[in-house]
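*Asks:* Just so you know, we're using this note's numbering here: the sequence shown kicks off at 41 and counts up by one.
Sharing a structure here in structure tokens format.
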Amino acid sequence: MSDLLSRITIDPDISHGKPVVRGLRYPVEMLLELLSSGMTNDDILADYPDLERDDLLAVLAYAALLVQTKRVVPIPA
């Protein structure tokens, strides 16, 4: 997993310091939104030729790491 996570970079000079894929200005957040909207990996890779399959796996690995919390606080609807 660490090989995948090394594809996620955070630089204050790129995308306001948000996590991106390999410094390419593709925010993790945007790619997660595309995946959650129903786009397939192949759809995304066709639309963004700079990306690689492992980049999308890295985005998912990063999200999985973020949700590994000790405590969850419910947010009122």
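By construction, the Cβ of each residue, glycine as well, lies at the ideal position given by its N, Cα and C atoms.
Model, not experiment: these values are computed from the prediction.
Spatial neighbours of Leu85 within its chain, please: C-beta separation below 7 Å, excluding the five flanking residues on both sides.
*Replies:* Position 45 of the sequence shown, counting from 1, holds the residue named residue 85. Excluding residues within five positions, the ones whose Cβ falls inside 7 Å are Leu91 and Arg93.
*Asks:* Assign Ala98 to buried or exposed, taking buried as 16 or more other Cβ atoms, counted over all protein chains shown, within 10 Å of its Cβ.
*Replies:* If you number the sequence shown from 1, residue 98 lands on position 58. Its Cβ being crowded by 16 or more others within 10 Å, Ala98 is buried.
*Asks:* Bridge partners of Val60, per DSSP?
*Replies:* To locate residue 60, count along the sequence shown from 1; it is residue 20. Paired residue(s): Thr49 and Pro67.
*Asks:* Determine the burial state of Leu96: buried for a count of at least 16 other Cβ atoms within 10 Å of its Cβ, exposed for fewer.
*Replies:* Counting from one through the sequence shown, the residue named residue 96 turns up at place 56. Under this definition Leu96 is a buried residue.
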